[in-house]
Structure formats: C-alpha cells, structure tokens
Amino acid sequence: RTALVAPGPTPAALHRMWKVSGLVATHARRRVASSTASWLRWSGGVAGGSAHDSSTSHEPHGTADGRGRQQGKQRSPAHRANSPVRHARTAASMPKYDEGWEEKEREPPAPGERVKALRRQLRDEAIAGRSGPLEDTFGRRHNYLRISLTEKCNLRCLYCMPEEGIDLTAKEELLSTDEVVRIARLFVANGVDKIRLTGGEPTVRPDLEEIIRRLRALAGLRDIAITTNGLTLHRNLDALQAAGLTHVNISLDTLVPPKFELLTRRRGHDRVLKSIDRAVELGYDPVKVNVVLMRGVNDDELLDFVEMTREKPINVRFIEFMPFDGNKFEEKKVVSYCEAKERILEKYPSLTRMRDHKSEVAKNYEVDGHRGTVSFVTSMTNHFCGGCNRLRIMADGNLKVCLFDQGEVSLRDAMRGGASDDELMDVVGKAVGNKKAKHAGMSDLQNMENRSMIRIGG
Numbered sequence: 001r002t003a004l005v006a007p008g009p010t011p012a013a014l015h016r017m018w019k020v021s022g023l024v025a026t027h028a029r030r031r032v033a034s035s036t037a038s039w040l041r042w043s044g045g046v047a048g049g050s051a052h053d054s055s056t057s058h059e060p061h062g063t064a065d066g067r068g069r070q071q072g073k074q075r076s077p078a079h080r081a082n083s084p085v086r087h088a089r090t091a092a093s094m095p096k097y098d099e100g101w102e103e104k105e106r107e108p109p110a111p112g113e114r115v116k117a118l119r120r121q122l123r124d125e126a127i128a129g130r131s132g133p134l135e136d137t138f139g140r141r142h143n144y145l146r147i148s149l150t151e152k153c154n155l156r157c158l159y160c161m162p163e164e165g166i167d168l169t170a171k172e173e174l175l176s177t178d179e180v181v182r183i184a185r186l187f188v189a190n191g192v193d194k195i196r197l198t199g200g201e202p203t204v205r206p207d208l209e210e211i212i213r214r215l216r217a218l219a220g221l222r223d224i225a226i227t228t229n230g231l232t233l234h235r236n237l238d239a240l241q242a243a244g245l246t247h248v249n250i251s252l253d254t255l256v257p258p259k260f261e262l263l264t265r266r267r268g269h270d271r272v273l274k275s276i277d278r279a280v281e282l283g284y285d286p287v288k289v290n291v292v293l294m295r296g297v298n299d300d301e302l303l304d305f306v307e308m309t310r311e312k313p314i315n316v317r318f319i320e321f322m323p324f325d326g327n328k329f330e331e332k333k334v335v336s337y338c339e340a341k342e343r344i345l346e347k348y349p350s351l352t353r354m355r356d357h358k359s360e361v362a363k364n365y366e367v368d369g370h371r372g373t374v375s376f377v378t379s380m381t382n383h384f385c386g387g388c389n390r391l392r393i394m395a396d397g398n399l400k401v402c403l404f405d406q407g408e409v410s411l412r413d414a415m416r417g418g419a420s421d422d423e424l425m426d427v428v429g430k431a432v433g434n435k436k437a438k439h440a441g442m443s444d445l446q447n448m449e450n451r452s453m454i455r456i457g458g
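According to the UniProt record's numbering, the residues represented by the sequence shown are 1 to 458, in order.
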C-alpha cells in the first residue's frame, strides 16, 4: 500500500518554522555557554572575563572535531582533580549544569532534521486542534463522500479506461454491501450529509438499490446521488428513485452517435439520451450531464450542448480534460474554462455567472430564456482546492483524500482486521489530517503516477 506522505508546509508555516528554529538555535548556544562557565567556576574558576567571553560568543557550538569550543579553556584534568571545591561535591549533589556539559559534547542536530522535527510538531498541533476527524489542518470540513461501488463498466471511454484494459480487483477484495453501509454510517455520524455513488459503472452492481435504500435510512444524510454513463439507467431509475436516490449525473461526451462509438468503443448513444429524458420525466431538477471537453474531439459541439439547456432542466457541466493512468493525456487537448466561456459568449451574450456555494467545484452560468444552466469544472486551469469538501472511497475500500494525491489508506483492511468504529475513524482522521492544501500544477500532474479514472471512481 502506498504510504501517506505528510503535507509540505505553507509559506506562513515555513516562516514560523525558520523563526522558531532560529530561536531554538540561539537559546541552545546561550545555554551551552552558560553551563560551561558555571561548570568551570565549580571546578576552580576561570581566568577573568573568560566566562563572559564564552557566553557572548556567536561562533558555532562545536569545532570540526566534534568537541565543544569552550573545552580549550578548561583547566587540566590534574588541576581539576586536586581542586578542594571539586572534592567537596559528591556525584549525587552535583548541580544540573553538569548535564548541560554532557549535552554540549553531543553533535547538534542537522538543520534539515530540525526543520523536519518542527514540521512534524506543527502538523501534530494542527491535527490536534481540529474539531473532528473530517476536518483537515486547513480548516476544510468534508461533508461530501464519493463511494465507488465497482471497477467494472459496460463502456470503454478513451479518457477513463486504458486501451489495454485494467486488472480488476478480485470480487472478495471489493467492499461488501454491509461494509459500504458501515463506512457511510460512520462518515454521516461525523458530518457527511451528501454521498455520491460512482464506479466504474454503479448500475452494474446488483445490490445498488439495496445500498441506496439502506443509505436513505441514515439520520443526517440529506442527498444520495449517482454518477452513471446512463446506458441502462432508464430501466431501473424508477426503482432507484423510490429507494431514495435524490440526484442524477449522466456522462455524455458527444451528441453525435458515430463519435459516441469512437469515444466509448461501444454502441448505445440512444439509450443514454433515453435515460436523460427519463430523469427529466421523473422530476430530477436539474439533471446533470457531464461532458469532458477535448480539443479536436468534441469541442466543436460546445454550442450544441448549451442548446440542450433551452427547453429542459439540464445542467451541462463542461469538465476540463485531466491526466490519469492510460488516458494519453496531452496538455494541448485541454480546452480551458476561459476559452470555452468566450466561445459560448459569442453566440449567447447573455451568459451570466450565478452565485456559487463556497464548496462548489463548478463555475455556474445561466443563459436568458434557457430553463437549464451551464457549468465549468476547472480542475486543471483554476483549481478549487481551497473549498474542497470531498473524500473518496474506492471500490477496494481505499480512502483517497484528494483525486490527484497518490496516498491511500485501506479502510477495508482495517475493518476486516477487527477495527472498532472509533479505531476506523482514527484511521480516517489521520488520513484527512495529512491532506495537502492543494494539488500539484498541470505539469506535475501530467508526470504523476495515479490510478486510471475507472479504478478511482468518477
């Protein structure tokens, strides 16, 4: 399992660390000099002014041979042994500054080690000061949990599934129905009020309806959403709604059937449109349609998707192309939020920004006369890490605190190892406490090793 890595300090924390480390170093030099002068006085005195000289010295604590600088001003061992003051003191009654002399003989810690220690201390203090296990050290409270139910999918989308496929996790290593519900119960008890079920494709899991029904019974859970490719959703959406499903996101990257087959390596474009229409009929408002924009692939359909919002309560969400294992990411394929918005404004000048919630990942817009809305998810060009309130549980039970963080911790192993609820939340709390302030930049993300999107959960 990949070990969680402690987050790097913010600029403010670095300034504090260097300030503290400077004070620590100054205090250590003064303490050593004072202890040295006192020891020399007890052993028979020093030459006039030497103690003062040592206490005000600004030279390094040790010389090249590793011994204290002040040692050259001691009297000889024979002289010390004959000192009446020395004989009058027993080992038991020797003052504590003899211990200071022993400390002076030790090599001081390297600056890098001192900074690491201070970084750990600051992190531990920040973690200890949190209001609960789902609050990180930057004050972000995570009330939104995404649970991947499976790695299987009935499509093979180019940006999600590597061309060579993936090695699926063995069925017995995936979370069971009871384990999914247990994790959800603990997170809800600690402040989560929205759960999104993802995959893979969540509708291929046979116990989906049961999971939704059991989640609906959790006191404090407000929303249960699903992200699906919509291929079969129209068949069982009525039952899922009755079980407690409150929100629907359907992925559709093109309105052109032949292009759909090219992007997904499967047929079924008409069935996805049927699922969108069925969701509208059942009263879902809005029905969210996720569109991954890729230059030279589907960016020519930008305005066609906006037109979808004219008569129906559809929220089209344009998502910037992101790098994941096996999806052949290239920066030149990214259609930025600013570019997409400008292109839409040329035809729809009434495009107007709506007020967004602090934790909203999308930038939301409305067009005059349109029943639906348009949104932009700007993961690559304008990250929204400062207001992030999301955590992810993958199908194999690993907790991922950030979509672009390689660190994971297995809640499945903890549960199957007999962990109590409190112990399980301790594991969660430590992982959340290590969440970074923000993910890396585009160039770093492009070179980072990460799971494929299908194994993380959309």
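Cβ coordinates follow ideal geometry from the N, Cα and C atoms, glycine included.
Run through the DSSP bridge pairs and tell me what Lys288 is partnered with. Position 288 of the sequence shown, counted from the start, is the residue given in the question as residue 288. Residue pairing by DSSP places Lys288 opposite Asn249 and Asn315 in a beta bridge.
If you run the structure through DSSP and keep just helix, strand and coil, what is Lys438? To locate residue 438, count along the sequence shown from 1; it is residue 438. Of the three classes helix, strand and coil, the one that applies to Lys438 here is coil, per DSSP.
Helix, strand or coil: how does DSSP classify Tyr348 here? Your numbering for residue 348 matches position 348 in the sequence shown. Here Tyr348 sits in coil by DSSP.
DSSP bridge partner residues for Ile147 (one or two, in chain order): For this step, residue 147 is matched to residue 147 along the sequence shown. Note: Ile147 sits in a beta bridge opposite Leu197 and Ile393.
Just to confirm my understanding: we take Glu209, look at its own chain, exclude 5 residues before and 5 after, and list those with CB closer than 8 Å. What are they? If you number the sequence shown from 1, residue 209 lands on position 209. Excluding residues within five positions, the ones whose Cβ falls inside 8 Å are Asn236, Ala239, Leu240 and Ala243.
Closer than 7 Å by C-beta to His269: which residues in its own chain qualify, once you throw out the five before and the five after it? Chain order, please. Residue mapping note: residue 269 aligns to position 269 of the sequence shown, counting from 1. Taken in chain order, the residues that qualify are Pro257 and Phe260.
Sub-8 Å separation of Gly199 and Arg141 beta-carbons: Mapped onto the sequence shown, residue 199 falls at position 199. Mapped onto the sequence shown, residue 141 falls at position 141. Against a cut-off of 8 Å, the Cβ pair of Arg141 and Gly199 comes out as no contact.
Residues near Thr150 in its chain [Cβ-Cβ closer than 8 Å; skip 5 each side]: Within the sequence shown, residue 150 is the residue found at index 150, counting from 1. Hits under 8 Å: Leu174, Gly199, Gly200, Glu201, Pro202, Val204, Arg205 and Ala395.
From this set, His370, Asn398 and Arg416, which residue's C-alpha is nearest Glu408's C-alpha? Counting from 1 along the sequence shown, the entry for residue 408 is found at position 408. Per the Cα distances, Asn398.
Hey, out of Ala340, Leu345, Lys347 and Val374, whose CA is closest to Met354's CA? Locating residue 354 in the sequence shown gives position 354, where the first residue counts as 1. Out of Ala340, Leu345, Lys347 and Val374, Val374 has the C-alpha closest to the C-alpha of Met354.
Roughly how many whole angstroms lie between the Cα atoms of Pro349 and Ala117? If you number the sequence shown from 1, residue 349 lands on position 349. If you number the sequence shown from 1, residue 117 lands on position 117. Whole-angstrom Cα-Cα distance: 55 Å.
Proximal residues to Val428 (C-beta, below 6 Å), its chain only, five neighbours per side dropped: Within the sequence shown, numbered from 1, the residue matching residue 428 stands at position 428. Spatial neighbours of Val428 in its own chain (CB-CB distance under 6 Å, excluding positions within 5 residues in sequence) are listed in chain order as Pro133.
Measure the Cβ-Cβ separation of Val248 and Lys288 and say whether it is below 8 Å. Along the sequence shown, read from residue 1 onward, the residue named residue 248 stands at position 248. Along the sequence shown, read from residue 1 onward, the residue named residue 288 stands at position 288. Closer than 8 Å, so yes.
Alpha helix (DSSP H) segments (min. 4 residues) lying fully within the segment 155-239: The segment 155-239 contains these whole alpha helix (DSSP H) runs: 177-189 and 208-216.
Nearest neighbour of Leu221, chosen from Thr227, Leu245 and Glu172 [CA to CA]: If you number the sequence shown from 1, residue 221 lands on position 221. For the residues Thr227, Leu245 and Glu172, the minimum Cα distance to Leu221 belongs to Leu245.
Can you tell me whether Ser420 is buried or exposed, with buried defined as 16 or more other CB within 10 angstroms of its CB? As a working mapping, residue 420 is identified with position 420 in the sequence shown. So Ser420 counts as exposed.
Could you pull out every residue in the same chain whose Cβ sits closer than 6 Å to the Cβ of Val188, ignoring the five residues on either side in sequence? Sequence index remark: in the sequence shown, residue 188 carries index 188 (1-based). Excluding its 5 nearest sequence neighbours in each direction, Val188 has C-beta neighbours in its own chain below 6 Å: Leu218, Gly220 and Leu221, listed in chain order.
Residue span of the alpha helix (DSSP H) that contains Ser275, given as start and end: In the sequence shown, residue 275 corresponds to position 275, counting from 1. Per DSSP, Ser275 belongs to the alpha helix (DSSP H) from His269 to Glu281.
Ala414 beta carbon less than 8 Å from that of Phe138: For the purposes of this step, residue 138 is identified with residue 138 of the sequence shown, where counting begins at 1. For the purposes of this step, residue 414 is identified with residue 414 of the sequence shown, where counting begins at 1. No, the Cβ-Cβ distance between Phe138 and Ala414 is not below 8 Å.
For the ligand ADP, is there a heavy atom less than 7 Å away from the beta-carbon of Asp300? This structure simply doesn't include the ligand ADP, nor any ligand for that matter.
What is the DSSP secondary structure of Thr254, counted as helix, strand or coil? As a working note, residue 254 is residue 254 in the sequence shown. Looking at Thr254 - three-state DSSP - the assignment turns out to be coil, as it is neither helix nor strand.
Do Asn229 and Leu168 count as a contact pair if the criterion is CB distance below 8 Å? Position 168 of the sequence shown, counted from the first residue, corresponds to residue 168. Position 229 of the sequence shown, counted from the first residue, corresponds to residue 229. For Leu168 and Asn229, no; Cβs fall outside 8 Å.
Straight-line gap, Ile344 to Glu179 (C-alpha atoms, nearest Å): Taking the first residue of the sequence shown as position 1, residue 344 is located at position 344. Taking the first residue of the sequence shown as position 1, residue 179 is located at position 179. Annotation: Ile344 to Glu179 spans about 45 Å, alpha carbon to alpha carbon.
Who are the near neighbours of Thr264 in its chain, counting only those whose CB is closer than 7 Å to its CB and skipping five residues on each side? Position 264 of the sequence shown, counted from the start, is the residue given in the question as residue 264. The beta carbon of Thr264 is closer than 7 Å to those of Leu155, Arg156 and Cys157 in its chain, skipping five residues each way along the sequence.
Check each candidate in Ile276, Arg416, Leu231 and Ser359 and name the one with the smallest Cα separation from Ile314. Indexing the sequence shown from 1 puts residue 314 at position 314. Nearest option by C-alpha distance: Ile276.
In the DSSP assignment, find the unbroken alpha helix (DSSP H) run with Lys363 in it and report its ends. Here residue 363 is taken as the residue at index 363 of the sequence shown, counted from 1. Counting along the chain, Lys363 falls outside any alpha helix (DSSP H), though it belongs to the beta strand (DSSP E) covering Ala362 to Glu366.
If I follow the unbroken beta strand (DSSP E) through Lys430, where does it start and stop? Looking up residue 430 in the sequence shown gives position 430. Here Lys430 belongs to no beta strand (DSSP E); instead the alpha helix (DSSP H) covers Asp421 to Gly433.
Compute the distance between the beta-carbons of His234 and Lys274, then report whether it is under 8 Å. For the purposes of this step, residue 234 is identified with residue 234 of the sequence shown, where counting begins at 1. For the purposes of this step, residue 274 is identified with residue 274 of the sequence shown, where counting begins at 1. The criterion of a C-beta distance shorter than 8 Å is satisfied by His234 and Lys274.
For a quick check, are the C-beta atoms of Thr177 and Ile226 less than 8 Å apart? One-based indexing of the sequence shown puts residue 177 at position 177. One-based indexing of the sequence shown puts residue 226 at position 226. The Cβ-Cβ distance between Thr177 and Ile226 does not fall below 8 Å.
Ser251 to Val291, Cα distance in whole Å? In the sequence shown, residue 251 corresponds to position 251, counting from 1. In the sequence shown, residue 291 corresponds to position 291, counting from 1. C-alpha separation (whole angstroms): 6 Å.
Helix, strand or coil: which one does DSSP assign to Leu293? Your numbering for residue 293 matches position 293 in the sequence shown. Three-state DSSP puts Leu293 in a strand.
Straight-line gap, Val311 to Ile166 (C-alpha atoms, nearest Å): Within the sequence shown, the letter at position 311 stands for residue 311. Within the sequence shown, the letter at position 166 stands for residue 166. The sequence given here places Glu at residue 311; Val does not occur at that position. Roughly 40 Å between the two C-alpha positions.
Between the Cα of Asp136 and the Cα atoms of Leu424, Arg390 and Glu423, which residue gives the shortest distance? The residue labelled residue 136 in the question sits at position 136 within the sequence shown. Of the residues Leu424, Arg390 and Glu423, the one whose Cα lies closest to the Cα of Asp136 is Arg390.
Assuming Leu293 contacts Glu320 under a Cβ cut-off of 8 Å, what Cβ separation, rounded to an integer in Å, is found between them? To locate residue 293, count along the sequence shown from 1; it is residue 293. To locate residue 320, count along the sequence shown from 1; it is residue 320. Right, the Cβ-Cβ distance comes to about 7 Å (below 8 Å), so this counts as a contact.
State the start and end residues of the unbroken beta strand (DSSP E) segment that holds Val377. Start at 1 with the first residue of the sequence shown, and residue 377 comes out as number 377. Boundaries of the beta strand (DSSP E) around Val377: Thr373 to Val377.
Could you tell me the distance, in whole angstroms, from the CA atom of Gly372 to the CA atom of Pro286? For this step, residue 372 is matched to residue 372 along the sequence shown. For this step, residue 286 is matched to residue 286 along the sequence shown. Their backbone Cα atoms lie some 7 Å apart in a straight line.
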